[in-house]
Amino acid sequence: VVLFAAAAVMALFVLRWSEPDAERPFKALGYPLAPAVFVAVSLAMVVNEVWNNPQPTLLGLAVIAAGVPIYWFLARQGAARRSA
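In the working numbering, the protein residues as written are 154 to 237.
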């Protein structure tokens, strides 16, 4: 859960960097420091869990990583359908 929360907050940085002129319907309190601290602490928690419980944590990370190629494949299929 912590890993996905960190990814969601990292998306804030990605979106603000990739679309600098987009309308901002909300403000991120303390941006960029507060979200950066949240991401850093979240990643530290994941690293700590890998350190303390390597086998189940790495297995969980492997399951998450296995979904990435599936996502890319499905995203590519969707893009091909939209352009056709």
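No residue lacks a Cβ here, since even glycine has one placed at the ideal position from N, Cα and C.
Query	Result
Limits of the alpha helix (DSSP H) - the one that Phe-226 falls within	207-236
Proximity winner among Val-221, Val-200, Ala-187, relative to Leu-211 (alpha-carbon distances)	Val-200
Backbone CA spacing between Trp-225 and Pro-173 [nearest angstrom]	25 Å
Distance CB(Val-162)-CB(Phe-191) smaller than 8 Å	yes
Pro-188, buried or exposed, once every other Cβ within 10 Å from all chains shown has been counted against 16	buried
Three-state secondary structure (DSSP) of Leu-196	helix
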